[in-house]
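Shown next, in structure tokens, is the structure this report addresses.
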Amino acid sequence: MTQQTPTRYLIAGAGGSHGATGNYAARQLLTRGLTVRAFVRRADERADLLRQLGAEIAVGDLRDYRDVRAALEGVQGAYFTYPLAEGLLEATATFAVAGTEAGVQSVVNMSQITAGPHHRSPAARAHWLAERVLDWSGIGVTHLRPPFFLENLFNVAAPTVRSENKIYLPYGDGAHAPIAGEDIARVVVGILTDPAAHRGKTYVPTGPASLTMTEQAGVFSRVLGRPVEYVDIPGEAWRQALARVPVMTPYLIEHLSRVAESHQHGVFDTVTDVVESIGGVAPQPLEAFVRQHRTAFGATQEARLDA
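Per the working numbering: the sequence shown = residues 2 to 308.
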């Protein structure tokens with residue numbers, strides 16, 4: 002009797018930190034006893050931890066055809082994600098060509114809610130083009146277009162919530178339903194393990210509630226036990242603040258500035274059941290996330306401010 006070869010999944014971005022969707026997806030697949038090859042930029046502690054959990058490790062650059070082709074050998078399903086940086090189209094084309102040659106059957110692609118050919122953000126335009134490249138490859142692809150991650154709050158809110166009890170952003174009265182990276186990973190895993198049901202589709206996975214930033218500040222206030230205020234700032238002030246951050250590039254500054262405009266105009270204001278229907282669990286609400294990470298936002302003891 003011929004023994005069937007187990008399905009192997011390649012997870013790009015498995016060593017990533019922000020949102021960590023690749024890392025979460027790799028862990029969730031491994032928990033199910035499935036065969037995982039983790040594609041990482043460098044062999045570091047995070048890669049070692051995945052290896053200890055049973056993952057194969059492939060080290061390389063997503064823009065290097067040789068690295069990607071070798072990593073995709075023997076792979077049936079793959080998750081493709083790329084940082085918010087220049088090089089997305091090159092990496093996508095590389096992944097599409099290598100995946101086609103390797104016989105990959107399905108790909109879950111991380112895009113974004115603002116992806117479109119006419120968006121003022123270079124990253125949003127690049128994501129739309131990247132979707133088309135994968136569509137043309139002939140590999141069965143599913144696109145994910147999430148809104149902002151809950152983990153963004155560590156960067157855009159935590160420092161000033163700790164120091165001033167304020168959140169400074171140029172988001173106006175627009176709303177969004179922030180989603181946890183772990184919940185996006187659940188959707189990725191749900192699609193990879195049942196690709197035929199999702200091939201050719203585009204999903205917008207969101208958190209459970211769409212909230213304005215004033216409403217989000219209210220959640221912080223209740224959980225932290227002290228008043229937290231949202232301060233709407235001009236777009237130019239936001240650009241200047243971003244430019245003072247050492248790791249910011251002109252590309253990323255332009256993207257963050259332009260998606261803030263989209264947020265003001267309601268582009269992010271939607272709620273879906275994608276996490277529950279595909280990922281199998283209800284998405285984490287903002288309040289649970291803030292409570293889970295209370296110390297990051299300056300809480301020193303359990304407290305609650307009654308509304």
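Every residue gets a Cβ at the ideal spot worked out from N, C-alpha and C, and that includes glycine.
These numbers come from a predicted model, not from an experiment.
For G141, no alpha helix (DSSP H) segment is defined; the enclosing uninterrupted segment is the beta strand (DSSP E) at G141 to L145. At the C-beta level, V109 and Y80 come within 7 Å of one another. By the 16-neighbour rule on beta-carbons within 10 angstroms, S138 is buried. Secondary structure note for E132: it is in no beta strand (DSSP E), and the uninterrupted alpha helix (DSSP H) holding it is P123 to S138.
The segment 111-129 makes no contact with the segment 46-53: fewer than 3 CB pairs, one atom from each, lie closer than 8 Å. If you keep only unbroken alpha helix (DSSP H) runs of at least 4 residues inside the segment 219-245, you get 236-244.
Here T101 carries a helix assignment [DSSP, helix/strand/coil].
Under the criterion of beta carbons closer than 8 Å, V272 and T207 qualify as touching, at roughly 5 Å.
Short of 8 Å from the beta carbon of E230, and not among the five residues preceding or following it, lie these beta carbons of its own chain, in chain order: N166, K167, I168 and A218. Using a 10 angstroms sphere on the CB of H120, the tally of other CB atoms reaches 16 or more, which defines it as buried.
With a minimum length of 4 residues, the unbroken runs of alpha helix (DSSP H) contained wholly in the segment 31-108 fall at 46-53, 66-73 and 89-103. In terms of Cβ geometry, H144 and T203 form a close pair [threshold 7 Å].
In the structure shown, M249 falls within a coil segment according to DSSP collapsed to helix, strand and coil. In the same chain as G23, and ignoring 5 residues on each side of it, the C-beta atoms closer than 7 Å to its own belong to I12, A13, G14, A15, G17, Y80 and T82, in chain order. In terms of CA proximity to V105, G75 leads the group G75, A86, E132 and H128. When the Cα atoms are used, Y252 and R240 turn out to be separated by approximately 12 Å.
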